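Below is one structure; the comments refer to it alone.
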Amino acid sequence: MNLRENAMAIYNRRQPDYYFDMMDALELIPDPVLMGDLCPQDGQEHKDSWGTVYIFKPGAPGAHPHVTPENAVIKDIEKWEEQLTVPDLDHLDWTEAVRAAEAVNRKEKFVGFMCAGGLFERSHHLMGMETALINYMEYPEEMAALLRVIADYKIKYIRLVAEKIHPDIIFYHDDWGSKQNLFLPPRVWRAIIKPLQKEIADTIHECGMIYIHHADCICQPIVTDMVEIGVDIWQGVIAQNDIVEIQKITEGKLAMIGGIDGPKIDIENITEEEIRGEVRRAIDTYCPAGRFYPGIPNGICFREWNNEIAMDELKKYGKQFAQEHPVA
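Take 0 as the starting number for the sequence shown in numbering that gives the first Met the number 0 and just add one per residue.
Listed below in structure tokens is the structure:
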């Protein structure tokens, strides 16, 4: 089987040739918005199209929002409509995205489109995390109205993406929690984010695409909601979730990617066998229930030697497990 065929075999509970990280089967297409918002890795402040200030420090794995009371886009949630300017989507340059999508052999790989900055992340990028969390609790109506506008932007963009390059998969990014818990109480998340996320999921499906949701964090308290919303695959499933329990309570309706405890093996003073053991643990523990793609939730180990060992074991043991555990 090629990468796409093997990924679909796991997704459809058929016998795969090997168990692997489904992200290897995705060719992510350059996002015109994301490319335009790229922050130089110079340690300086740069604004994105929403007006949020980012800093990308040399040596850091990525850029991070640097929101202060002085530079926040939304300084007063009761006056958010006066302070927010929604970026224009009508004059994007799709040349590179179209070219990249056309170059993918869709018989062998999926065309994936990364839809970054989900509802929750965009909200706290506009006003700062602490302020956002307070506003979700004390000004739920204003936050719901703000998220309505952000959701409309996302829905319009997803439809544009479908029209221009029609990806097989929307890789939607919105971290809803930390390694300890959700950022918002489930009741607040359900009241404000869930209905709009359902509209986004419906749009993805109406356009004939698969919805992968990235959230490398705790999502266990809302996994049945994720199924109700229409998330097809949850990518970024960290081992701090009780993944076996999630497989039970979602009744196999939520395919998942992750399970390998990346930070546990991405350290100095670790043996090769310890790294290989963690990869095997994840495969042995989570793959028997089916619809599971073992992988490091954030994609890689940042230490090159650690990553080489982890990827080698995933390739070898993923194939061995498939051969020794045939799908009934």
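All C-beta atoms in this analysis are idealised placements derived from N, C-alpha and C, irrespective of residue type, glycine included.
Because the structure is a prediction, the values reported are computed rather than measured.
Can you have a look at residue i and say buried or exposed, based on whether 16 or more other CB atoms are within 10 angstroms of its CB?
| i | result |
| --- | --- |
| Arg-186 | exposed |
| His-213 | buried |
| Val-326 | exposed |
| Thr-249 | buried |
| Ile-9 | buried |
| Phe-301 | exposed |
| Trp-304 | exposed |
| Asp-92 | exposed |
| Asp-89 | exposed |
| Asp-283 | exposed |
| Ala-96 | buried |
| Asp-36 | buried |
| Gln-246 | buried |
| Pro-139 | exposed |
| Thr-369 | Any answer about residue 369 is impossible in this case: the structure gives the chain only from 0 up to 327. |
| Thr-51 | buried |
| Asp-20 | buried |
| Glu-162 | exposed |
| Glu-377 | The structure shown does not extend to residue 377, since the chain spans only 0 to 327, so no value can be given for it. |
| Met-225 | buried |
| Pro-68 | exposed |
| Gly-127 | buried |
| Met-34 | exposed |
| Asp-87 | exposed |
| Thr-270 | exposed |
What does DSSP give as the partner residues of residue i in its beta bridges?
| i | result |
| --- | --- |
| Met-113 | Phe-170 |
| Lys-46 | Val-52 |
| Phe-291 | Met-255 |
| Leu-181 | Gly-176 |
| His-213 | His-172, Gln-234 |
| Pro-64 | Tyr-53 |
Going by DSSP, what residue range makes up the beta strand (DSSP E) through residue i?
| i | result |
| --- | --- |
| Leu-27 | 25–28 |
| Ala-102 | Premise fails: Ala-102 is in no beta strand (DSSP E) and is neither H nor E. |
| Ile-192 | Unbroken run through Ile-192: none, as it is neither H nor E. |
Do you know whose CA, among the options, lies nearest residue i's CA?
| i | options | result |
| --- | --- | --- |
| Phe-182 | Gln-40, Thr-202, Glu-120 | Glu-120 |
| Ala-59 | Glu-77, Pro-39, Tyr-18 | Pro-39 |
| Ile-192 | Ile-164, Ile-221, Asp-167, Ile-168 | Ile-221 |
| Glu-267 | Glu-205, Asn-306, Met-225 | Asn-306 |
| Met-113 | Ile-28, Asn-134, Gly-61 | Ile-28 |
| Asn-104 | Gly-258, Leu-195, Leu-2, Asn-11 | Leu-2 |
| Val-230 | Phe-170, Pro-64, Ala-131, Glu-277 | Phe-170 |
| Met-285 | His-63, Ile-274, Gly-258 | The identity of residue 285 in the sequence shown is Tyr, whereas the question assumes Met. When only C-alpha atoms are compared, the closest one is Gly-258. |
| Lys-46 | Ile-308, His-124, Leu-195, Asp-265 | His-124 |
| Ile-133 | Glu-273, Glu-323, Lys-74, Gln-196 | Lys-74 |
| Ala-100 | Pro-64, Thr-67, Val-160 | Val-160 |
| Pro-64 | Tyr-53, Ala-71, Val-72 | Tyr-53 |
| His-324 | Thr-130, Arg-12, Arg-158, Asp-174 | Arg-12 |
| Ile-264 | Met-310, Met-128, Lys-78 | Met-310 |
| Trp-49 | Ala-62, Ala-321, Val-32 | Val-32 |
| Leu-195 | Leu-146, Ser-122, Ala-6 | Leu-146 |
| Glu-80 | Ala-321, Lys-252, Val-148 | Val-148 |
| Pro-293 | Asp-174, Asp-260, Gln-43 | Asp-260 |
| Gln-322 | Gln-14, Ile-209, Tyr-156 | Gln-14 |
| Tyr-156 | Asp-30, Asn-5, Ala-6, Met-22 | Asp-30 |
Short of 8 Å in beta carbon distance, which residues of its chain neighbour residue i, apart from the five on each side in sequence? Order them along the chain.
| i | result |
| --- | --- |
| Arg-279 | Glu-312, Tyr-316 |
| Asp-241 | Gln-219 |
| Asp-41 | Phe-55, Pro-57 |
| Gly-111 | Leu-25, Glu-26, Leu-27, Ile-28, Pro-166, Asp-167, Ile-168, Ile-169, Phe-170, Ile-211 |
| Val-243 | Thr-284, Tyr-285, Ala-288 |
| Gln-82 | Val-72, Ile-73, Lys-74, Asp-75 |
Just to confirm the assignment, what range does the alpha helix (DSSP H) spanning residue i have?
| i | result |
| --- | --- |
| Met-136 | 128–137 |
| Ile-237 | Note, Ile-237: premise wrong, no alpha helix (DSSP H); not H, not E. |
| Glu-312 | 303–323 |
| Ala-6 | 2–10 |
| Thr-284 | 271–285 |
| Ile-264 | 261–264 |
| Met-225 | 222–228 |
| Gln-82 | 79–82 |
| Val-32 | 31–35 |
Kindly list the residues whose CB is nearer than 7 Å to the CB of residue i, restricted to its own chain and excluding five residues on each side of it in sequence; keep chain order.
| i | result |
| --- | --- |
| Ser-177 | Cys-216, Ile-217 |
| Ile-154 | Glu-198, Ile-199, Thr-202 |
| Tyr-135 | Met-142, Leu-183, Val-187, Ile-191 |
| Gln-239 | Lys-178, Ile-217 |
| Glu-107 | Asn-1, Leu-2, Arg-3 |
| Ala-62 | Cys-38, Tyr-53, Ile-54, Phe-55 |
Here's a check: name, in chain order, each residue in its chain whose Cβ is nearer than 6 Å to the Cβ of residue i, leaving out the five neighbours to either side.
| i | result |
| --- | --- |
| Tyr-152 | Val-85 |
| Gln-234 | Ile-211, His-213, Ile-256 |
| Ile-237 | Asp-215, Pro-296 |
| Phe-291 | Met-255, Tyr-285 |
Is residue i a contact residue of the ligand PLP, with contact defined as CB to any heavy atom under 7 Å?
| i | result |
| --- | --- |
| Thr-130 | Absence of the ligand PLP is noted for the structure shown, with no ligands found whatsoever. |
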